[in-house]
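Chemist: Pasting a structure here, questions to come.
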Amino acid sequence: MTKHLTQEVAAYATQALLYEVALTPKPGLVDRANNGSHHDMDFYTFLDSIVALSPYFQQYVDLGYLHEGSLDDLFDSCRFIGIQAEKDMLKATKGINTHKGANFSFGVILTAIGYYIKNHPRLPFDTIDVEAIFVIVQKMTENLIQNDFARLNLKEQLSYGEKLYLDKGLTGIRGEAANGYPAIQRLMMPFLRKHRNRSEAVDIIYLRALVLLMSKIEDGNILHRGGYEQWLQVKAEMADLHDADLETEDFIQALEEYDHQLIKRHLSPGGAADLISLGIFFSLLEGLFN
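Residue numbers are given in the working numbering: position 124 of the sequence shown equals residue 350, and the series is strictly consecutive.
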């Protein structure tokens, strides 16, 4: 029973990433229609990447399930697996970063789920299960920002994320993890639960959730490509689209038009893409659209 359960959780992670890349149209992102604002990757690059990462999802769940020590140590072990997973991803994509952020987030969350289901072996999850898992994630990553961003002023070469932290205090995906993924807990999951019985195809509901995320979150990919002002502009534009709550046909047309805009502006909301895949994952774990 338990082995089947851990396999089911890992399979949902693969399924969520496949659903995310297949969602179409996604403004500025790789989907079935086009490559978005990317010239170095396409739909099949993402499929190759997911195939490379998929075996590690089971490793993450098993790691958490078998762990007996501190949650700090569990996070360190999770990161060790994540490094090898990233190497295999980059090998499969010929050096193209398709899922670095997703690998980090799925690694932490799958490990936390494995740790949790040791004492709560059940699916589907309910809201209490999901909240408990994110508490574990918070405890695993409580020292993440302090450890990763310590002594940045002494480093000669900074990543863009490190520069944003020093200049604007923005913490990116590390901040999401350390705070228990509020974008998932407080934005995506309440939205998806509310719309589970909406008379609309599930992929449209996921696209509406993507728009909601783009209107709210700190997206490191947009910040990196376009800077602070462009990020604020995208948030405002997506807030308008979300608030409009258009009928399905008009909504899809608006997304297609905005896709062309972001391609012209060379902007890609990759941070939102990673988070939408996590939201899809938890919707599968909760059986929202079965």
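For glycine and all other residues, C-beta sits at the position ideal for the given N, C-alpha and C.
Flag this pair as touching only if the segment 396-408 and the segment 417-427 have three or more C-beta atom pairs under 8 Å; answer yes or no.
Modeler: No, the segment 396-408 does not touch the segment 417-427.
Chemist: Indicate whether Ile431 and Glu246 have their beta-carbon atoms separated by less than 8 Å.
Modeler: no
Chemist: With a threshold of 16 other CB atoms inside 10 Å of the CB of Pro347, please say whether the residue is buried or exposed.
Modeler: exposed
Chemist: One question on the structure: do Thr232 and Gly340 come within less than 8 Å of each other, judged by their Cβ atoms?
Modeler: yes
Chemist: Could you give the DSSP three-state label for Ala237: helix, strand or coil?
Modeler: Of the three classes helix, strand and coil, the one that applies to Ala237 here is helix, per DSSP.
Chemist: Do three or more CB pairs link the segment 384-404 to the segment 330-337 at distances below 8 Å?
Modeler: yes
Chemist: Helix or strand or just coil, what does DSSP make of Leu504?
Modeler: helix
Chemist: State buried or exposed for Ala239, treating a residue as buried only when at least 16 other CB atoms are found within 10 Å of its CB.
Modeler: buried
Chemist: Taking 8 Å as the cut-off, decide whether the C-beta atoms of Val256 and His264 are in contact.
Modeler: Yes; because the gap between Cβ atoms is below 8 Å, this pair is in contact.
Chemist: Could you give the C-beta distance for Lys344 and Tyr291, rounded to a whole number, given that I count them as a contact under 8 Å?
Modeler: 5 Å
Chemist: Threshold first: 4 residues or longer. Then list the alpha helix (DSSP H) segments lying entirely within the segment 415-458, N to C.
Modeler: 415-420 and 428-440
Chemist: Rounded to whole angstroms, what's the CA-CA distance from Phe477 to Asp471? Just pull it up for me.
Modeler: 8 Å
Chemist: My guess is that Ala480 and Asp445 are in contact by the Cβ rule of under 8 Å, so how many angstroms apart are they, rounded?
Modeler: No, Ala480 and Asp445 are not in contact; Cβ-Cβ is about 19 Å, not under 8 Å.
Chemist: For the alpha helix (DSSP H) containing Gly387, name the first residue and the last one.
Modeler: DSSP places Gly387 in the uninterrupted alpha helix (DSSP H) bounded by Tyr386 to Lys394.
Chemist: Hey, how far is the Cα of Leu316 from the Cα of Met464?
Modeler: 32 Å
Chemist: Do the CB positions of Glu489 and Gly262 come within less than 8 Å of each other?
Modeler: Here residue 489 turns out to be Ile, not Glu, going by the sequence shown. Yes, these two residues count as a Cβ contact at 8 Å.
Chemist: To the nearest angstrom, report how far apart Ser275 and Phe508 are at their CA atoms.
Modeler: 21 Å
Chemist: Classify Ile354: buried if its beta carbon has 16 or more other beta carbons within 10 angstroms, exposed otherwise.
Modeler: With fewer than 16 other Cβ atoms within 10 Å, it is exposed.
Chemist: From Glu482 to Gly254, what does the alpha carbon distance come to, in whole angstroms?
Modeler: So the two alpha carbons sit approximately 10 Å from each other.
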